[in-house]
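Throughout, our numbering is defined as the position within the sequence shown, counted from one, plus 5.
Since the structure comes first, as C-alpha cells, the remarks are kept for the end.
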Amino acid sequence: MKFSNRIWALLLCGTLIMAGCKKGWLDVNYNPMDLTDTDATPDLILAPLLENSIAARDTRFLQHWMGYWCYYQFPVGHALVTYNRTQAEVQYFSARVSAEIPFLEMRSRQLNQTFYTGIAKVLKTIQFQRVVDVLNNMPYSEAFNASILQPRYDDARLIYEDLMRQLDTASTLIKNANLNANLKIDIADIMFHGNKISWLKFINTLKLRLLVHQANRADRAAYIAAEIAKIKNDGNGFLESGQDASVNPGYTITKKLSYYFGCFSNHNQYGGGDFDAILQIGSHDWSRANVYAMNLLKADEDPRLGLIYSSVDEPLPAGAPEPFAQPDPQDFRGNQYGYFVNSAEYPYQNIPYISTVGGSRNNDIVSPYAKGIIKGRDMADWIMTSIESKFLQAEAIYRGWLPGDAETAYKEAVQESFRWLNAGANNTMPSLSDDVFNSWYASQTANPHVNWMAAPDKYKLLMYQKYVAFNGIEPLETWTDYRRNGRYPDVPASVAPQRVGNVIPIRLLYNQNEYIINAKNANAQGQIDIFNSKIWWMP
Numbered sequence: 006m007k008f009s010n011r012i013w014a015l016l017l018c019g020t021l022i023m024a025g026c027k028k029g030w031l032d033v034n035y036n037p038m039d040l041t042d043t044d045a046t047p048d049l050i051l052a053p054l055l056e057n058s059i060a061a062r063d064t065r066f067l068q069h070w071m072g073y074w075c076y077y078q079f080p081v082g083h084a085l086v087t088y089n090r091t092q093a094e095v096q097y098f099s100a101r102v103s104a105e106i107p108f109l110e111m112r113s114r115q116l117n118q119t120f121y122t123g124i125a126k127v128l129k130t131i132q133f134q135r136v137v138d139v140l141n142n143m144p145y146s147e148a149f150n151a152s153i154l155q156p157r158y159d160d161a162r163l164i165y166e167d168l169m170r171q172l173d174t175a176s177t178l179i180k181n182a183n184l185n186a187n188l189k190i191d192i193a194d195i196m197f198h199g200n201k202i203s204w205l206k207f208i209n210t211l212k213l214r215l216l217v218h219q220a221n222r223a224d225r226a227a228y229i230a231a232e233i234a235k236i237k238n239d240g241n242g243f244l245e246s247g248q249d250a251s252v253n254p255g256y257t258i259t260k261k262l263s264y265y266f267g268c269f270s271n272h273n274q275y276g277g278g279d280f281d282a283i284l285q286i287g288s289h290d291w292s293r294a295n296v297y298a299m300n301l302l303k304a305d306e307d308p309r310l311g312l313i314y315s316s317v318d319e320p321l322p323a324g325a326p327e328p329f330a331q332p333d334p335q336d337f338r339g340n341q342y343g344y345f346v347n348s349a350e351y352p353y354q355n356i357p358y359i360s361t362v363g364g365s366r367n368n369d370i371v372s373p374y375a376k377g378i379i380k381g382r383d384m385a386d387w388i389m390t391s392i393e394s395k396f397l398q399a400e401a402i403y404r405g406w407l408p409g410d411a412e413t414a415y416k417e418a419v420q421e422s423f424r425w426l427n428a429g430a431n432n433t434m435p436s437l438s439d440d441v442f443n444s445w446y447a448s449q450t451a452n453p454h455v456n457w458m459a460a461p462d463k464y465k466l467l468m469y470q471k472y473v474a475f476n477g478i479e480p481l482e483t484w485t486d487y488r489r490n491g492r493y494p495d496v497p498a499s500v501a502p503q504r505v506g507n508v509i510p511i512r513l514l515y516n517q518n519e520y521i522i523n524a525k526n527a528n529a530q531g532q533i534d535i536f537n538s539k540i541w542w543m544p
C-alpha cells in the first residue's frame, strides 16, 4: 500500500496501558496495510477498522482510575497507581488514529463507493475525538501527509469543529449512497450491515456526544444551538433502546473470540486475552472489582450489583483478616485502588475471593438469558451503546436542547442500563428488565442518588447514574464527564503512598518520542501538567 504508515499522530501517548488483544477480520488472514493499491478495495479495508474502533481497546487503566476495577497487586510505585509521568513502562495507552482510515476514504472515492467514504469519516471522528479527549491539541490537518515528518499541532477546539463537519458530510454521503455501487457493504459493514438509517442515527448520536462534551462552556452556547438545530432538521433521531453501535464479524472458538470476552472474562477457557510481561498479569486480572463503585451499588441496594460484578468464586472464611471492612453482601468483594495487598498478611484478598466483571461465568454462546456485561464468548463488541445514547439524550433534554420531559428521560436512561444488562433474564422481553427497574426505583423514594424527586440537584443525579451505568462499559466517557463536571462524581484518588497527586489526572502526556522527533511543535504546547492542563472543553 502506497501510504505512509509513519503517522506522528500515532506517537502521541501517555504513561498508561497494556497492548490490546489480537486484531483482524475473521474470514480473512491479512493486514490491510499490506494490501497493494490495486487489490485494496473498500470491503477488504473496512471490517478490521470497525473492529479496531471498539470502546474497550486501551481503556482498562481508566476502569481503574474511575473506580470501577482494581487489580490487587500492582508493584509498589507503579506509574498507574502513583500517576507518575515515568515513561519507562512501555506499551501503555496508545492514543492512535489508524492510518488505514484516510486510505479507506481515498480508495472509496476513487471507486465512487460513497457509503464507504461516509463510514471512513465516521471512524475518523471516533478515533480523533478519543485522542483529543486524552491529549488536547494534536496533529490533525497534517497528520496523514507523508511528506510532512514534523506536523504542526492543531487547536483541539478546531479539531472538534472539523469533526462535526466530517459527520455532516458522512451523513450526506451515506444518505445518498447507491447500495449497489458499494460492493459487499452488507458483509464488510460488520456493525450495521449497510443499513442507512442505523448509520444516520449513529452519526447523530456521535454529534450529540461531541456537543455534550463542551456543554459546560458558556461561550459555546450559540455553536451548540446551531448544531442541535441541524440534528433536529435531519429527522433521523438517535440510537434507540436496544440499538448499540457494535461489531461482530462472526466470533467463534475456532476463529476468534469477542475482544471483551477474551480479554476480561475471568472464567474464559478459550484464550483471546493478553499478558503483561512487566506486571506478570493477564488481561483478565485487570477486571477485578473496585470497592468504590461496588459500595455505591450496595448502598443503593441496586439490583445491578450482580450484573456489573460477578460474585466471588470462593467465600471469605469466617474470621479471615481483611485490610479494610466491606459492607454486605459479602459474596461481592473488591479492592482499594493503589492498595498493595500483602498476600502473606491477607491471604484471602486475592483473586478467588474478589469479584470480577459481571457475567464472567457466561462462557457459552450468547443466549437471550445471559445477564451482565459479559453475555458469552461470541458477544458483540460495542463502539457506542444504547445506554450512552439514552443518557446523552437525557442531558440534552435537561438542558433544553431537545424537547421532552427531563424526569422521564432520566428514568428511561437508567432503565436502559437495566435492559442492556438483561436484568429481567430474557432480552426477548425487555418488559421483564423494566419490571426490575420499576420495583427498585419505587423502593428508593427517599434516595437522592436514585429518585428524581428526592434529588436536590437533578443534573448531579443524572451524572451519578450515568457513572453507575458506564461501569465496565465506557470509562473514557466517564473520565470525560468527571473532568467537564468539576471532578464529579468524587471518585477517590489512588491510595498508594507514592502517588504524586491527590486527585485523578485530567489528561495524559505526549509521548517522549514527540519531543525528539517533532520537538518544535511539541514544545510549542507548553509545559504539560497532568493535574492542571485542561482539555479544551473543560470550563
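Idealized CB from N, CA, C, for every residue including glycine.
Treat the numbers as computed from the prediction; the structure is a model and nothing was measured.
Bounding residues of the alpha helix (DSSP H) (the contiguous stretch that carries residue i)
i, result
"W542", "Unbroken run through W542: none, as it is neither H nor E."
"W484", "P480 to R489"
"D440", "P435 to A447"
"R338", "Note, R338: premise wrong, no alpha helix (DSSP H); not H, not E."
"M468", "K463 to A474"
"A52", "P47 to E56"
"I245", "Sequence check: residue 245 is Glu here, not Ile. Run containing E245: none; DSSP gives neither H nor E here."
"A415", "The sequence as given places Tyr at residue 415; Ala does not occur at that position. Counting along the chain, the alpha helix (DSSP H) containing Y415 begins and ends at A411 to W425."
"I522", "Q517 to I522"
"T87", "A84 to T87"
Extent of the continuous beta strand (DSSP E) run through residue i
i, result
"S251", "A250 to V252"
"D63", "No beta strand (DSSP E) holds D63; DSSP gives it neither H nor E."
For residue i, three-class secondary structure by DSSP
i, result
"P107", "helix"
"N528", "helix"
"I535", "coil"
"I236", "helix"
"N507", "coil"
"M143", "strand"
"T390", "coil"
"V127", "helix"
"Y358", "helix"
"W70", "helix"
"D138", "helix"
"T91", "Low local confidence applies: a pLDDT of 43 at T91 is under 50, so the model's placement there is unreliable, with the coordinate-based value given in what follows. Three-state result, T91: coil."
"D167", "helix"
"Y158", "strand"
"H454", "coil"
"I378", "coil"
"Y403", "helix"
CB contact flag (residue i, residue j, <9 Å)
i, j, result
"S292", "Q68", "yes"
"L116", "T177", "no"
"V362", "D336", "no"
"N340", "Y76", "yes"
"R489", "H218", "yes"
"L85", "F66", "yes"
"Y264", "E105", "no"
"W70", "P480", "yes"
"L216", "I233", "yes"
"Q118", "L188", "yes"
"K525", "N141", "no"
"H454", "Y464", "no"
"L302", "Y314", "yes"
"K210", "E421", "It is worth fixing the name first, because residue 210 is Thr in this sequence and not Lys. No, they are not a contact pair."
Minimum C-alpha distance to residue i - residue among the options
i, options, result
"L514", "N528, A501, F475 and T122", "N528"
"A52", "A193, Q134 and K180", "A193"
"D159", "Y275, K180, V136 and D369", "V136"
"K471", "A325, E417, N221 and N516", "E417"
"V496", "I202, N476 and Q503", "N476"
"F197", "Q449, A385, N347 and N427", "A385"
"V139", "Y314, L244, V102 and I359", "V102"
"M389", "L172, E110 and I131", "I131"
"P435", "F423, F266, R225 and W457", "F423"
"W406", "A460, D279, A226 and V296", "A226"
"D305", "F536, T450 and E147", "T450"
"V505", "Y73, D48 and H83", "H83"
"I195", "V252, D486, Q354 and G491", "V252"
"Y228", "F280, L163, G242 and D279", "L163"
"R605", "F396, G255 and A294", "A query on residue 605 cannot be resolved here, the shown segment of the chain reaching from 6 to 544 and no further."
"Q354", "Q331, Y374, S372 and V419", "Q331"
*Any chance you could list the alpha helix (DSSP H) runs of at least 4 consecutive residues sitting entirely within the segment 180 to 212, in chain order?*
Counting only unbroken stretches of 4 or more residues, the alpha helix (DSSP H) elements lying wholly within the segment 180 to 212 are 190 to 193, in sequence order.
*Could I get the ranges of all uninterrupted alpha helix (DSSP H) runs contained in the segment 255 to 335, with 4 residues as the minimum, in chain order?*
Qualifying alpha helix (DSSP H) stretches, in chain order: 264 to 269, 296 to 304 and 310 to 313.
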